[in-house]
Amino acid sequence: MTYLAVPIAAQNLERARQQIKAALAAGAEMLELRTDYLENLSVELVKNLIASVKSANDRRLPVIVTCRDKQQGGAIGYRQQLRVDVLTGALKAGGEFIDFEYDNFLSAENQEKIKLALSQNPKGRLILSAHNFETKFADIDKLYREILDVCPAAIPKLVYTANHINDCFEAFDLLHRTSGERIVFCMGAAGLVSRIIAKKLSCFVTFASVDEKSATAPGQLTIEQFKKLYRYDDIKADTELFGVIADPVGHSLSPAIHNAGFAEKRMNKLYLPLLVEGRQREFDLFLRNVLLRKWLNFGGFSVTIPHKQNALAFARTNQGFIEPLAGKIGAVNTLVIRADGKLSAYNTDYAAALDAITSTLRISRDDLNELPVAVVGAGGVARAIVAGLGDAGAKIKIYNRTVERAEKLAAEFNCEFAPLDDLPNVEVKLLINCTSIGMCPNVGQTLLPKECLKKDMAVFDTVYNPAETLLLKQAKQKRAKTIDGLSMFVNQALAQFKLFIGQKGNTALMRKTILGCLSR
Ligand code: NAP
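Structure below.
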């Protein structure tokens, strides 16, 4: 059993009651009363707070009463004596769980008082917690064993900041190796995934806030995100995992799209945002960490900025299957983990882009032959599009900030190149932005001077967030035909979905999901 717990962190009883009401309405399965946030704290005040929960709560949700030491993340620096009195009083008032810092529990006086209160209130349970707000614990297994040696009936809670997603694997391993009631997860943006898959790994509690403003720890998700976006109610121990590997990853629409697809088909699958910071080394380490742990049940990944070329390099060393065109493009945006632990690597961008161009312009691929095209950018998406258009016979000129990259790409695919400064002189029928310029949150930016946009031209912006970029708005003003990145994005997501599960996705649902996300 994993409880989805909402911390109640209010300064007074009235505000706490409002938060309790909101948490119950949002679907909390447990409440954590963070009494260290209460002003003028007293044992009576906490008893009143517990009584408020009991009367507001006909679902009889259990409560954890916490009065966190300021040195371990508490809000107000209350004396230790008072904090212990609050916790022992909470047990008497019917609080199901109390959470006390393991370090402070080592004091004989504190230990004696808490053990006495527990023996007098045998239904109450003790959570012994340790936090590291900076980094991983020196030895998390040792700490876990120490806590249980000191108090075998306690629920160990070990929470640390992940400075990289690769730091999370120690938490996953501990949960995998142990059973029973224990709470282990990581804080920070890189630790987000550990909060989402806590239920899969049977972590006793995962914490959520009612809304983004009321989060009590970095990286905490809202109940709505847990339930609607990350399929919380459907997660099981054998849920198969997928995810998008990116940096940054917060803007990615892929979790919403793929999870909507899985939910529609009632599949026991979950798609995660995977913030993999760093370069090839960190990317490789992440994939090795995943491949070493079959029990995590990862089935595949979407790969985007800045890892598409790293993904291909990894697939080559892994000796799995590489789609020939992906190898030629030099970039991979989809990895599927095979039963033998090897990877199959694909690039779904190329066909997705060509289909977006031909279907929007109502032309055939043959019509691309000899078409003068300007491609702006020389990264992963540019490579895919240059390879695809080159294959179709288009006459391509590549413009890029780093001219050497444009030159290299042009040499590989037998086309021309130029610096960005030459863009005002561009004379083409199809102009494609393959850079990230104009992408949310920098929606006021475009690399293309207005004077290079012409009526008899088609303008394709591969950026899909927002759907209508500044570049496309300006192209429309010049009455040029426009092709949005959304069409390409839907096409490539559909192709990935099919590679992941072997079944066709629902195009209308994917488009609707993306537009819903973008409108928010
Ligand atoms: P990438 O490999 O990192 O390449 C980024 C490109 O953008 C490079 O050419 C880079 O130039 C250029 N760039 C970045 N910042 C710049 C700046 N400040 N000024 C000028 N140029 C700049 O990225 P990618 O994977 O090709 O993705 C590029 C875009 O495609 C992203 O916006 C992404 O959202 C979009 N995309 C769309 C879809 C879709 O389905 N619609 C799919 C994937 C990606 P340098 O070489 O000089 O660094």
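Numbering-wise (this note's numbering), the sequence shown opens with residue 766 and increments by one. Ideal Cβ positions, reconstructed from N, Cα and C, are used throughout, including at glycine. If you're wondering where the values come from, they're calculated on a predicted model, not measured in any experiment.
Exercise. Please classify Asp1186: does DSSP put it in a helix, a strand, or coil?
Key: As a first step, residue 1186 must be located in the sequence shown, where it is residue number 421. Asp1186 sits in a helix when the DSSP states are folded into three classes.
Quiz item: Mind pulling the beta strand (DSSP E) runs of 3 or more residues that sit fully within the region 1120-1206?
Solution: List check, beta strand (DSSP E) in window: 1137-1141, 1160-1165, 1181-1184, 1195-1198.
Exercise. Counting only runs of 4+ residues fully inside the region 895-955, write out the alpha helix (DSSP H) ranges in chain order.
Key: For the region 895-955, the continuous alpha helix (DSSP H) assignments of 4+ residues that do not extend past its boundaries occur at 905-915, 933-942, in sequence order.
Exercise. Inspect the beta-carbon positions of Leu1296 and Gln776 and report whether they are closer than 8 Å.
Key: Outside the shown range of the chain (766 to 1285) lies residue 1296, about which nothing can therefore be said.
Quiz item: Shortest alpha-carbon distance to His1023 belongs to which of Ala1002, Arg996, Arg1046, Lys1001?
Solution: For this step, residue 1023 is matched to residue 258 along the sequence shown. It is Arg996.
Exercise. Could you tell me how far apart the beta carbons of Gly1085 and Lys1107 are, in whole angstroms, since I believe they sit closer than 8 Å?
Key: Taking the sequence shown and counting its residues from 1, one reaches residue 1085 at position 320. Taking the sequence shown and counting its residues from 1, one reaches residue 1107 at position 342. Going by Cβ atoms, the distance from Gly1085 to Lys1107 rounds to 4 Å, so yes, they are a contact pair.
Exercise. Let me know the secondary structure DSSP gives Arg890 once reduced to three states.
Key: Taking the first residue of the sequence shown as position 1, residue 890 is located at position 125. Correct three-state label for Arg890: strand.
Quiz item: If you follow the beta strand (DSSP E) that Gly1064 is part of, which residue opens it and which one closes it?
Solution: Position 299 of the sequence shown holds residue 1064. Unbroken beta strand (DSSP E) run through Gly1064: 1063-1068.
Quiz item: Would you say the beta carbon of Gln1162 comes nearer than 7 Å to a heavy atom of ligand 1?
Solution: Within the sequence shown, numbered from 1, the residue matching residue 1162 stands at position 397. Residue 1162 is actually Lys in this sequence, not Gln. Not one heavy atom of ligand 1 falls within 7 Å of the beta-carbon of Lys1162.
Practice problem: For Leu1259, decide whether its Cβ has a neighbour in chain C, counting only Cβ atoms nearer than 8 Å. | Solution: The question asks about chain C, but that chain is absent: this structure has only one protein chain.
Quiz item: Mapping DSSP to helix, strand and coil, what is Leu789?
Solution: Mapped onto the sequence shown, residue 789 falls at position 24. Leu789: helix per DSSP, three-state reduction.
Practice problem: For Gly723, write down the residues that DSSP places opposite it in a beta bridge. | Solution: For residue 723 there is no data in the structure shown, the boundaries of the chain being 766 and 1285.
Quiz item: Quick one, are the C-beta atoms of Thr1200 and Val1224 less than 8 Å apart?
Solution: For the purposes of this step, residue 1200 is taken as residue 435 along the sequence shown, with counting starting at 1. For the purposes of this step, residue 1224 is taken as residue 459 along the sequence shown, with counting starting at 1. No.
Quiz item: From this set, Gln1257, Thr1234, Lys1219, which residue's C-alpha is nearest Arg1287's C-alpha?
Solution: Nothing about residue 1287 can be reported from this structure: the residues present for the chain run from 766 to 1285 only.
Quiz item: Under 7 Å from any heavy atom of ligand 1, does the C-beta of Ile1266 make it?
Solution: The residue labelled residue 1266 in the question sits at position 501 within the sequence shown. Checking every heavy atom of ligand 1 against the Cβ of Ile1266, none is found closer than 7 Å.
Quiz prompt | Check: Met1275 C-beta below 7 Å from any heavy atom of ligand 1 | solution = The residue you call residue 1275 lines up with position 510 of the sequence shown. Checking every heavy atom of ligand 1 against the Cβ of Met1275, none is found closer than 7 Å.
Quiz item: Using the rule of at least 16 other Cβ atoms within 10 Å of the residue's Cβ for burial, across every protein chain shown, is Gly1270 buried or exposed?
Solution: Locating residue 1270 in the sequence shown gives position 505, counting from the first residue. With 16 or more other Cβ atoms within 10 Å, it is buried.
Self-check item: Strand pairing of Tyr1111, partner residues [DSSP]
Solution: As a working note, residue 1111 is residue 346 in the sequence shown. Bridge pairing for Tyr1111: Thr1099 [DSSP].
Quiz prompt | C-alpha gap between Tyr1229 and Ser1019, whole angstroms | solution = Position 464 of the sequence shown, counting from 1, holds the residue named residue 1229. Position 254 of the sequence shown, counting from 1, holds the residue named residue 1019. One Cα belongs to Tyr1229, the other to Ser1019, and the distance between them is close to 12 Å.
Quiz item: Can you tell me where the alpha helix (DSSP H) with Lys1093 in it begins and where it stops?
Solution: For this step, residue 1093 is matched to residue 328 along the sequence shown. 1089-1094 is the span of the alpha helix (DSSP H), which, as asked, contains Lys1093.
Quiz item: Quick one: is Lys1073 buried, meaning 16 or more other Cβ sit within 10 Å of its Cβ, or exposed?
Solution: As a first step, residue 1073 must be located in the sequence shown, where it is residue number 308. Counting the other Cβ atoms within 10 Å of the Cβ of Lys1073 gives 16 or more, which makes it buried.
Quiz item: By how many angstroms is the C-alpha of Asn931 removed from the C-alpha of Val1255?
Solution: Walking along the sequence shown from the start, residue 1255 turns up at place 490. Walking along the sequence shown from the start, residue 931 turns up at place 166. Our two residues, Val1255 and Asn931, have alpha carbons roughly 30 Å apart in a direct line.
Quiz item: Would you call the CB atoms of Leu1213 and Leu1188 closer than 8 Å?
Solution: For the purposes of this step, residue 1213 is identified with residue 448 of the sequence shown, where counting begins at 1. For the purposes of this step, residue 1188 is identified with residue 423 of the sequence shown, where counting begins at 1. Yes, Cβ-Cβ distance for Leu1213 and Leu1188 is below 8 Å.
Quiz item: In angstroms, rounded to a whole number, what distance separates the CA positions of Gly842 and Ala973?
Solution: Locating residue 842 in the sequence shown gives position 77, counting from the first residue. Locating residue 973 in the sequence shown gives position 208, counting from the first residue. The straight-line gap from Cα to Cα measures roughly 24 Å.
Exercise. May I have the straight-line CA-CA distance separating Ile1122 from Met1032, to the nearest angstrom?
Key: Here residue 1122 refers to the residue found at position 357 of the sequence shown. Here residue 1032 refers to the residue found at position 267 of the sequence shown. The C-alpha of Met1032 is placed about 32 Å away from the C-alpha of Ile1122.
Quiz item: Comparing the CB of Cys1199 with every heavy atom of ligand 1, is any distance shorter than 7 Å?
Solution: As a working mapping, residue 1199 is identified with position 434 in the sequence shown. Yes; taking the cut-off as 7 Å, the Cβ of Cys1199 has a heavy atom of ligand 1 nearer than that.
Quiz item: Can you tell me whether Cys951 is buried or exposed, with buried defined as 16 or more other CB within 10 angstroms of its CB?
Solution: Within the sequence shown, numbered from 1, the residue matching residue 951 stands at position 186. By the 10 Å Cβ count, Cys951 comes out buried.
Self-check item: Strand pairing of Ile773, partner residues [DSSP]
Solution: By 1-based counting over the sequence shown, the position of residue 773 is 8. Answer is Leu798.
Quiz item: With distances taken between CB atoms, is the gap from Cys933 to Val949 smaller than 8 Å?
Solution: Position 168 of the sequence shown, counted from the first residue, corresponds to residue 933. Position 184 of the sequence shown, counted from the first residue, corresponds to residue 949. When the beta-carbon positions are compared, Cys933 and Val949 stay at least 8 Å from each other.
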